[in-house]
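Numbering (UniProt numbering), first residue to last: 1 to 459.
We put the beta carbon where it would ideally sit given N, CA and C, even for glycine.
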């Protein structure tokens, strides 16, 4: 892998959807760089420090959210002189996002009073009253023609279906939830999946006309759903729960066909490969070196810190580090807090928050555990290559960790005092964005060799 030098950042960084540009927030400045040459393409100045940024789907426009104002500013890459500023007045703006057509900006006012669709074409605006959440509770169909937004009034949750052409409400129906958590369309746009508050395990599936297709409740009297994700093929729905289990439902029958447990003690029969991160000191043979009398006595401290990181394959049974969450604090760190599907829908990785140093990789075709990556530090972020079956993760150290069905390996980031706190893939899988606390770099990722069958260490 080839790495760029480190560049300054003070906030969000993200690739454009067309994989050509990268946007970086540096205080009140928005810097746009080209992904290949890394030259500055555009430089925009906002009215205050940038809190979040989001690209339009056509990669022509980009918006910046300014929490301190609060307001939203939008810019055009092809027309640098064009500017847009949205201010909701005393209500403020809690969050903003693009519509799929890249010509409307959706803003949610403070206290979730209303959602407003602002047109960049004719400056018209349409309001939707009482949205449920600021950053959640809104989902678009894959073709971008319709939106489902969660609203709440009279102490009940509802789903409003909107046309993204004129933003008129096409229909509305009541949902049987205590306190709706989030909503997502199925990849084929045939169903809407809704899950309830963590205080009650409930997953509901509705048709666009409001018919309830499924009411799924795995258990009662316990914290419920923590994470939900559709497979890219649209056939599987993965539900991660606070009971430290992953359940996978089939979209055709809406039946649970797989349940994966995350136990701290992994025992046979288990055919998964367990990769454990270990430190290995460099072995330097100095027996044939001719030294003067002044240097005849080696200094034992010179070799301190000279380690390389590698994966070691270990056999089961194995006990994974487990952290029992305190019973007297809210939002316990337990359950499946992180899950994601591979691009071919064959694999899914999970992280049980009670075992933050372990990443579990499951094979859906074989319905078994494929691998466990056991790190020294808690896993901060993990992401699949969008073009092939390859996984990258980081732990806040100066290393990157990769897994593929052929094996796993570690590599060092060749930058001084650079710790990888977060990472993102470019949409074409050619580049990785690596973030430290106050800087970032990019790494060119080579094509994954199909014949590679062994794991290697960093050099």
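Query, Result
"Starting from residue 61, follow its DSSP beta bridges and name the residues at the other end.", "76"
"Do residue 392 and residue 373 have their beta-carbon atoms positioned less than 8 Å apart in this structure?", "no"
"Just how far apart, CA to CA, sit residue 347 and residue 388?", "11 Å"
"Compute the beta-carbon to beta-carbon distance between residue 324 and residue 13, rounded to the nearest angstrom, for a pair I have assumed lies under 8 Å.", "36 Å between Cβ atoms; not a contact."
"For residue 159 and residue 203, which I take to be in contact (beta-carbon distance under 8 Å), what is that distance rounded to the nearest angstrom?", "Not quite, the Cβ-Cβ distance comes to about 15 Å (not below 8 Å), so this is no contact."
"At the level of alpha carbons, what is the spacing between residue 512 and residue 425?", "The requested residue 512 does not occur in the structure, where the chain is confined to residues 1 to 459."
"In the DSSP output, which residue or residues are listed as bridge partners for residue 442?", "433"
"Whole beta strand (DSSP E) runs in the segment 155-194 with 3 or more residues, listed along the chain?", "156-163, 169-174 and 182-185"
"Using a 10 Å radius around the Cβ and a threshold of 16 neighbouring Cβ atoms, would you call residue 78 buried or exposed?", "exposed"
"Taking 8 Å as the threshold (C-beta atoms), are residue 267 and residue 321 in contact?", "no"
"Give the secondary structure of residue 275 by DSSP, where H, G and I count as helix, E and B as strand, and everything else as coil.", "strand"
"DSSP puts residue 85 in a beta bridge; with which residues?", "73"
"If we ignore side chains and look at the alpha-carbon of each, how far apart do residue 360 and residue 370 end up?", "8 Å"
"If I'm right that residue 214 touches residue 185 with Cβ under 8 Å, what's the distance once you round it to whole angstroms?", "No, residue 214 and residue 185 are not in contact; Cβ-Cβ is about 15 Å, not under 8 Å."
"So, is residue 225 buried or exposed, given that buried needs 16 or more other C-beta atoms within 10 angstroms?", "buried"
"Distance, Cα to Cα, residue 390 vs residue 353?", "22 Å"
"Report yes if the C-beta distance between residue 237 and residue 251 is below 8 Å; otherwise report no.", "yes"
"With the cut-off set at 8 Å, would you say residue 37 and residue 60 are in Cβ contact?", "no"
"Alpha carbons only, please: which of 152, 125 and 81 is nearest the one belonging to residue 165?", "125"
"To which residues of the same chain is residue 130 closer than 8 Å at the C-beta, ignoring the five residues directly before and after it?", "112, 113, 114, 151, 152 and 153"
"Grab the span of the beta strand (DSSP E) containing residue 355 for me, first residue to last.", "Taken as a continuous stretch (DSSP letters only), residue 355 belongs to no beta strand (DSSP E), as it is neither H nor E."
"Go through its chain and collect everything with a Cβ distance to residue 396's Cβ below 8 Å, but skip five positions before and after it.", "377, 378, 380, 419, 420 and 421"
"Under three-state DSSP, which class holds residue 91?", "helix"
"Measuring alpha carbon to alpha carbon, tell me which residue in 222, 277, 375 and 386 is nearest residue 499.", "Shown here, the chain extends from 1 to 459; a query on residue 499 therefore has no answer."
"Which whole-angstrom value describes the C-beta separation of residue 399 and residue 412, a residue pair presumed to lie in contact below a C-beta threshold of 8 Å?", "6 Å"
"Given that a residue counts as buried once 16 or more other Cβ atoms are within 10 Å of its Cβ, and exposed if not, what is residue 212?", "exposed"
"For residue 443, which residues from the same chain have a beta carbon less than 6 Å from its beta carbon, with the 5 sequence-adjacent residues on both sides left out?", "1, 3 and 432"
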